[in-house]
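Here's the structure, in C-alpha cells; my notes come after.
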Amino acid sequence: MKAASRVCSGISVIVLFHTDFYGKLVENLQLKGVLVVKLLEDRIKKDGQVIGTDVLKVDNFLNHQVDPDLMADLGHEFYRRFSNEPITKILTVESSGIAPAIATAMEFHKPLVFARKHKSLTLKDHLYTATVYSFTKKTSNEIAISRKFLSADDNVLIIDDFLANGQAVEGLMDIIAQAGATLSGVGIV
Numbered sequence: 001m002k003a004a005s006r007v008c009s010g011i012s013v014i015v016l017f018h019t020d021f022y023g024k025l026v027e028n029l030q031l032k033g034v035l036v037v038k039l040l041e042d043r044i045k046k047d048g049q050v051i052g053t054d055v056l057k058v059d060n061f062l063n064h065q066v067d068p069d070l071m072a073d074l075g076h077e078f079y080r081r082f083s084n085e086p087i088t089k090i091l092t093v094e095s096s097g098i099a100p101a102i103a104t105a106m107e108f109h110k111p112l113v114f115a116r117k118h119k120s121l122t123l124k125d126h127l128y129t130a131t132v133y134s135f136t137k138k139t140s141n142e143i144a145i146s147r148k149f150l151s152a153d154d155n156v157l158i159i160d161d162f163l164a165n166g167q168a169v170e171g172l173m174d175i176i177a178q179a180g181a182t183l184s185g186v187g188i189v
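When we follow the numbering used here, the leftmost residue of the sequence shown carries the number 1, and every step to the right adds one.
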C-alpha cells in the first residue's frame with residue numbers, strides 16, 4: 001500500500017485516498033502530492049459512485065455497510081505510518097469514521113474515543129465541544145467528547161473517513177486543544 005504524508009505545523013497527515021474539492025474522482029492523485037492506496041483505489045473504482053459534482057458515495061463498504069477486511073487493511077496501514085508516534089488515543093467523529101478508527105485502535109492496542117453529534121442523557125455534563133459543518137448533510141452539528149476520556153496526558157491520532165472540507169478534523173483539533181492534549185497525527189481514508 002502506498003500513501004503520501006504531508007506535514008502541517010509539524011504534524012504528519014496521511015491521506016490514503018482523496019477526492020478533489022469539486023467532488024470528481026481524481027485518477028492521478030500525484031497532482032495533489034498524494035499517492036493512493038491501491039486496494040482502496042480499486043474498491044472505490046469498483047463500488048464507489050459519484051453523485052452530482054461533489055459527493056462520492058461509498059455506502060457499500062465504508063459508511064452504511066462496512067467491509068471489515070478493508071478496514072483491517074486501512075487500520076494496519078495507519079499503524080504502519082504512525083507507529084513511531086507515542087499514540088495514547090485514537091479520535092474520530094461518529095459515525096462513518098468509527099470503522100477505520102476502530103481498526104486503527106486495534107492495531108495500536110489503544111482506546112478509540114469518538115465525538116458524538118447528539119447529546120444524550122448519558123452525555124451532557126463536563127464536555128469538550130466544537131461546531132462542525134457536515135458537507136454531505138449541509139448542516140452544522142455540535143460534536144462533544146466527555147472530559148473524562150481526553151486529558152493533557154494524551155497523544156492523539158485523528159482518524160476520519162473522507163476529507164470533504166476539513167471541518168470534522170478542525171473540530172477534533174479544537175477539542176484536542178481544549179483538553180490540552182497533543183495532536184500526534186491525522187489519518188484520512
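Yeah, the Cβ is synthetic: ideal placement off N, Cα and C, and Gly gets one too.
In this text the structure is predicted, and so the values were computed from the model without any measurement.
Residue i, DSSP secondary structure in three states
{"i": "valine 189", "result": "coil"}
{"i": "aspartate 47", "result": "helix"}
{"i": "serine 85", "result": "Strictly speaking, residue 85 in this sequence is glutamate, with serine absent from that position. In the structure shown, glutamate 85 sits in coil (DSSP, three-state: anything other than H, G, I, E or B)."}
{"i": "phenylalanine 114", "result": "strand"}
{"i": "leucine 91", "result": "strand"}
{"i": "alanine 181", "result": "coil"}
{"i": "alanine 168", "result": "helix"}
Candidates the options: closest to residue i by CA position
{"i": "glutamine 167", "options": "Val93, Leu157, Tyr128", "result": "Val93"}
{"i": "histidine 118", "options": "Ile145, Arg43, Asp154, Gly75", "result": "Ile145"}
{"i": "histidine 109", "options": "Ile98, Asp69, Thr88, Ala181", "result": "Thr88"}
{"i": "aspartate 160", "options": "Ser96, Ser83, Arg80", "result": "Ser96"}
{"i": "glutamine 65", "options": "Asn141, Ile98, Asp125", "result": "Ile98"}
Check whether residue i and residue j have beta carbons under 8 Å apart
{"i": "valine 156", "j": "isoleucine 176", "result": "yes"}
{"i": "glutamate 41", "j": "histidine 76", "result": "no"}
{"i": "methionine 71", "j": "alanine 103", "result": "yes"}
{"i": "asparagine 60", "j": "aspartate 47", "result": "yes"}
{"i": "alanine 181", "j": "alanine 152", "result": "yes"}
{"i": "alanine 130", "j": "aspartate 154", "result": "no"}
Local Cβ density within 10 Å of residue i, reported as buried at 16 or more and exposed below that
{"i": "glycine 185", "result": "buried"}
{"i": "isoleucine 90", "result": "buried"}
{"i": "glycine 171", "result": "buried"}
{"i": "alanine 101", "result": "buried"}
{"i": "arginine 80", "result": "exposed"}
{"i": "asparagine 84", "result": "exposed"}
{"i": "arginine 43", "result": "buried"}
Contact belief for residue i with residue j at Cβ below 8 Å, rounded distance in angstroms
{"i": "leucine 150", "j": "tyrosine 133", "result": "That pair is no contact at about 22 Å."}
{"i": "lysine 45", "j": "isoleucine 51", "result": "About 16 Å; that fails the 8 Å criterion."}
{"i": "isoleucine 158", "j": "glycine 187", "result": "7 Å"}
{"i": "leucine 39", "j": "aspartate 73", "result": "6 Å"}
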